[in-house]
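S.K.: Shown below is the structure under consideration.
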Amino acid sequence: MAANLDLSGPPDSDSSHSSDQSVSNRSVNRSLRLAERERRKNEAEDPLVSALKYFSEVDAGTPVMGNDELEGNLVQVEKVAYSRGLPPEAISVMLEFAMSLRMGTSPCARVLKCLIPASVVPQEAVVRAIIWLGVGKIPITTQILFIKWVLTMFDMIDTKDQLRAVYGFIFSFVTDENLCPFICHLLYLLTRKESVRVFRVRKLLDLQSKLGRQPFLLHLLSLYKVFCPELVTLSIPSRMRTAFRNHNSPWKSALIAVLKRNGSQVASSSSVTSLMKDKAGTRKRKHYHLVLPQLNPALQTQAQTETSTSRKMVPLVQLHSAAQLLENIHRIELPAQMGSLLGSSLALQYLDCVQDESALLRLNYWLGHALYEEFLFCSDGGGSQNSEEALLFLDRLLSTQHFLQEGFSSSEGFLYKFLNIWDGSLHRPQILGLLSNIPVVPSSYIGRVLFEPLMQLFFTSTLFFKCGLIECLNNMLLKWLTWHSVYALDDGLDISINSHTTINMTLSGFKDSLMELVHFVGRLATVGLQLEGCRTLLLSFILDFYETVCDMFLKYGLPLVVMPPVGVFYAALFATDPVSVDRLAHIMNRYKVNLLSARSQEKVAEQAFNISRQTFREFNHYLATMVNCLWNSKMFQPGMALQLGEELLIKSRVPQYQASYDLIHHPAFMCYAVDFHHQCWPEMKCKDHNFIKDPKLRGWYLEYLSAQGFDGLKQFLHTNIS
-18 MAANLDLSGP PDSDSSHSSD QSVSNRSVNR SLRLAERERR KNEAEDPLVS ALKYFSEVDA
42 GTPVMGNDEL EGNLVQVEKV AYSRGLPPEA ISVMLEFAMS LRMGTSPCAR VLKCLIPASV
102 VPQEAVVRAI IWLGVGKIPI TTQILFIKWV LTMFDMIDTK DQLRAVYGFI FSFVTDENLC
162 PFICHLLYLL TRKESVRVFR VRKLLDLQSK LGRQPFLLHL LSLYKVFCPE LVTLSIPSRM
222 RTAFRNHNSP WKSALIAVLK RNGSQVASSS SVTSLMKDKA GTRKRKHYHL VLPQLNPALQ
282 TQAQTETSTS RKMVPLVQLH SAAQLLENIH RIELPAQMGS LLGSSLALQY LDCVQDESAL
342 LRLNYWLGHA LYEEFLFCSD GGGSQNSEEA LLFLDRLLST QHFLQEGFSS SEGFLYKFLN
402 IWDGSLHRPQ ILGLLSNIPV VPSSYIGRVL FEPLMQLFFT STLFFKCGLI ECLNNMLLKW
462 LTWHSVYALD DGLDISINSH TTINMTLSGF KDSLMELVHF VGRLATVGLQ LEGCRTLLLS
522 FILDFYETVC DMFLKYGLPL VVMPPVGVFY AALFATDPVS VDRLAHIMNR YKVNLLSARS
582 QEKVAEQAFN ISRQTFREFN HYLATMVNCL WNSKMFQPGM ALQLGEELLI KSRVPQYQAS
642 YDLIHHPAFM CYAVDFHHQC WPEMKCKDHN FIKDPKLRGW YLEYLSAQGF DGLKQFLHTN
702 IS
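Here you go:
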């Protein structure tokens, strides 16, 4: 009986298991049916899906006039595009519909204007659309509109490998004069070293002979020359006009609105949006062009990542230390948008080590676009003057230039234009910082692009702006001198300033530019001290500048000596603060050391520079004036530069006027003479301190001044008094 029970047990168990599995399968199938039904219901309710289905299935030759179905579906696509943007599949469908001219040319432009992506633009759709350009039926205005759309959305295209594969096909359109500027712009963004070929260089040169030296042709040739200098023998000017215009395309404002509305969801899927924070405030406009992009790789999808791995390319975003950068220095994959390099210290180290000229050209183009759009071409005349985005951007740009130890050509060109409309207060520290980083400007036009606008600002601004500008010009002089000392050739005859914007000039040309700068600051200083009443603060910045000037020969190896103007020398000599007088003494002593060293080299070296007699006369005149004034008590004597009539001096009723500015009676040192007398003879009350002129006491007094920190005076007098 027990055995029968054992044998009957398993069949009941199998039956129960089969029943449970059947119930489970029915439940899964029912869930799938419900999900499919819900999906179909959603698709039926989504007008965009039905609109895309219409545009993908519409027959060629369908009439446009009176087609209410076309109008309704197109309105639906436009509504979605301008509200939240089109998904990638919608971009593909609509772009194919427009470029294939399935319903003629009339709806084509309207469709292109509403292609606002929500995340990314599929590369395959762009390539297919470019292939449609070769059919020859698309009107030229529509072709230009399409290329403008590609340029505007270039950074949102998910990858660029297929676009570069059809580089030759795109290049074939440069022969069309209407398309040439836009095709050159697109080629500039797609060019790699393998793209440069002899026949393409020849074609561009032929176009230049027909169209003239157009900026878009010159910039594309300059990029070709960076990759293959042996193929491009054309002389490229170091400074050119803006190559590619920033067209006010119909997509920019709509794209910015969509990206702002989508917020972080878009930022996670696209390399274009980054740091797009919806900050509260009452500003009229946000500086969207000044927001640094994220450091995203150029290849984003899984398949593309595998392709990148097969080529052993390493995106910068995957590197986190300098050691990793050095290990992968020759297989770095640059980011999708070059502006993101400014926000990465490792990327800047890569630029500094590798000196990738193509990356620098792309970065210069992005930077110039951002600066011009926000500060020169913006519709509200500069936007918010206290914009946090603009301040952060300019500070980041300044720190980048300090790291690289040189400026960018795009910021240099921007400054030349911006100075003509600058009010001197908008982001003043940042603008002056950028100005101090510009490379050497040839003397032929330094006055036009720099001195004229700066002079107008200097004479119409406050004391603090005057001080800031003098400090800026001093930093500019220091950088120019440093470049000379680093990059001057061994023979001392020529100089090659090796910056990203290559400038080659002779030593005489460099000296001319430097002398123009020093003389310009001398004119500003002379008039500025008169306007401000010889304010001590302004005089301090001016003396900082001449501390740099006085040591140009010994410290920087530049065969040049330029003396300060009389308006600066006498303002410092008769200053009411002792620090200015002491610094003047230090400066004059350094001038003497430099002049003596240069004179000794003149006698020894075969090709030494000759110092003009005028320079020696100026120095000797200043030296005699200081010694007679501070030590010999011989002011206003015949033969001196400062002479007053005897009758006028008598009427002044100043006793012993010849000694009015010696170290004892000088207004800047009177209090020190009194304190010295009090410390030496505390019980002696004497109003006349002339007895300090005793040779022994005068030596003690000079040591006392040195103990107070006035070493410049002590060194100057010990050097020039026998």
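When the sequence shown is numbered by our numbering, its final residue is 703 and no position is left out of the sequence of numbers.
All C-beta atoms, glycine included, are put in the ideal place defined by N, C-alpha and C.
Grab the span of the alpha helix (DSSP H) containing Met319 for me, first residue to last.
M.R.: No alpha helix (DSSP H) contains Met319, which DSSP labels as neither H nor E.
S.K.: So what does DSSP say about Val543, is it helix, strand or coil?
M.R.: coil
S.K.: Flag this pair as yes or no: are the beta carbons of Ser466 and Val421 separated by less than 8 angstroms?
M.R.: no
S.K.: Count the other CB atoms, across all protein chains shown, that sit within 10 Å of the CB of Asp40; report buried if there are 16 or more and exposed otherwise.
M.R.: Label assigned to Asp40: exposed.
S.K.: Whole angstroms are fine: how far does the CA of Leu644 sit from the CA of Leu698?
M.R.: So the alpha carbons of these two residues sit roughly 11 angstroms apart.
S.K.: Rounded to a whole number of angstroms, what is the C-alpha to C-alpha distance between Arg183 and Leu132?
M.R.: 25 angstroms
S.K.: Would you report the Cα separation of Gln366 and Glu355, rounded to the nearest angstrom?
M.R.: Per-residue confidence for Gln366 stands at a pLDDT of 45, beneath the threshold of 50, marking its modelled position as unreliable; the derived number appears in the next sentence. Near 11 angstroms, if we compare the C-alpha coordinates of Glu355 and Gln366.
S.K.: Rounded to a whole number of angstroms, what is the C-alpha to C-alpha distance between Cys334 and Ala303?
M.R.: 11 angstroms
S.K.: Shortest alpha-carbon distance to Lys705 belongs to which of Pro423, Met436 and Ile419?
M.R.: Missing from the structure shown is residue 705; the chain here goes from -18 to 703 and no further.
S.K.: Rounded to whole angstroms, what's the CA-CA distance from Ile592 to Leu415? Just pull it up for me.
M.R.: Looking at the two C-alpha atoms, the distance is approximately 34 angstroms.
S.K.: Which ranges would you report for the alpha helix (DSSP H) in the stretch 368 to 417 if only whole runs of at least 4 residues count?
M.R.: 369 to 385, 390 to 399 and 409 to 416
S.K.: Answer yes or no: do Ile97 and Val295 have a C-beta to C-beta separation smaller than 8 angstroms?
M.R.: no
S.K.: Note the first and the last residue of the continuous alpha helix (DSSP H) segment covering Tyr148.
M.R.: Secondary structure note for Tyr148: its alpha helix (DSSP H) is the uninterrupted segment Tyr148 to Phe152.
S.K.: On the three-state DSSP scale, how would you describe Gly85?
M.R.: Three-state DSSP puts Gly85 in a strand.
S.K.: If distances are taken between C-alpha atoms only, which option among Val30, Lys174, Leu450 and Leu438 comes closest to Glu211?
M.R.: With distances taken between Cα atoms, Glu211 lies closest to Lys174.
S.K.: Along the chain, which unbroken stretches of the alpha helix (DSSP H) at least 4 residues long are found entirely within the stretch 112 to 196?
M.R.: 121 to 133, 142 to 146, 148 to 152, 161 to 171 and 179 to 192
S.K.: Take Ile702 and list the residues in its own chain whose beta-carbon comes closer than 8 angstroms to its own, dropping the five residues that flank it on each side.
M.R.: Val608 and Trp612
S.K.: Along the chain, where does the alpha helix (DSSP H) that runs through Arg594 open and close?
M.R.: Arg594 to Leu611
S.K.: If you measure between the beta carbons of Ser339 and Leu524, is that distance less than 8 angstroms?
M.R.: no
S.K.: Taking C-beta to C-beta, are Val502 and Phe526 nearer than 8 angstroms?
M.R.: Taking 8 angstroms as the Cβ cut-off, Val502 and Phe526 qualify as a contacting pair.
S.K.: Span of the alpha helix (DSSP H) holding Asp333?
M.R.: Ser326 to Val335
S.K.: Our contact map puts Leu541 next to Lys492 with C-beta atoms below 8 angstroms; I'd like the distance itself, whole angstroms only.
M.R.: Indeed, because the Cβ distance is near 5 angstroms, the residues count as touching under 8 angstroms.
S.K.: Contact check, Pro69 vs Pro103 under 8 angstroms by CB: the rounded distance?
M.R.: Contact between Pro69 and Pro103 holds, since their C-beta atoms are separated by about 5 angstroms, short of 8 angstroms.
S.K.: Any idea if His200 is buried or exposed, counting beta-carbon neighbours within 10 angstroms, 16 or more meaning buried?
M.R.: buried
S.K.: Report the option in Leu535, Cys610, Cys661 and Lys233 whose CA atom is closest to the CA atom of Arg580.
M.R.: Leu535
S.K.: State yes or no: is the beta carbon of Gln382 nearer than 8 angstroms to at least one beta carbon in chain C?
M.R.: Checking the listed chains, one finds no chain C in this structure; it contains a single protein chain.
S.K.: Quick check on the DSSP output: the alpha helix (DSSP H) that includes Pro69 runs from which residue to which?
M.R.: Boundaries of the alpha helix (DSSP H) harbouring Pro69: Pro69 to Met80, taken from the DSSP string.
S.K.: Nearest-angstrom Cα distance between Gly115 and Val107?
M.R.: 14 angstroms
S.K.: Can Val213 and Leu202 be called in contact, C-beta distance under 8 angstroms?
M.R.: Between Val213 and Leu202, the C-beta spacing is below 8 angstroms.
S.K.: So what does Val295 bridge to, in DSSP terms?
M.R.: Ile313
S.K.: Would you kindly report the start and end of the unbroken alpha helix (DSSP H) that includes Lys241?
M.R.: Lys233 to Asn243
S.K.: Among Asn575, Thr700, Ala654 and Asp187, which has the Cα closest to the Cα of Glu528?
M.R.: Per the Cα distances, Asn575.
S.K.: Beta-carbon within less than 8 angstroms of Glu684's beta-carbon, same chain only, minus the 5 sequence neighbours each way: which residues are those?
M.R.: Lys695
S.K.: For Tyr537, which residues of its own chain have a beta-carbon under 8 angstroms away from its beta-carbon, when the five flanking residues on both sides are left out?
M.R.: Leu462, Thr463, His465 and Ser466
S.K.: Along the chain, where does the alpha helix (DSSP H) that runs through Glu308 open and close?
M.R.: Ala303 to Glu308
S.K.: In this structure, does DSSP put Thr487 in helix, strand or coil?
M.R.: strand
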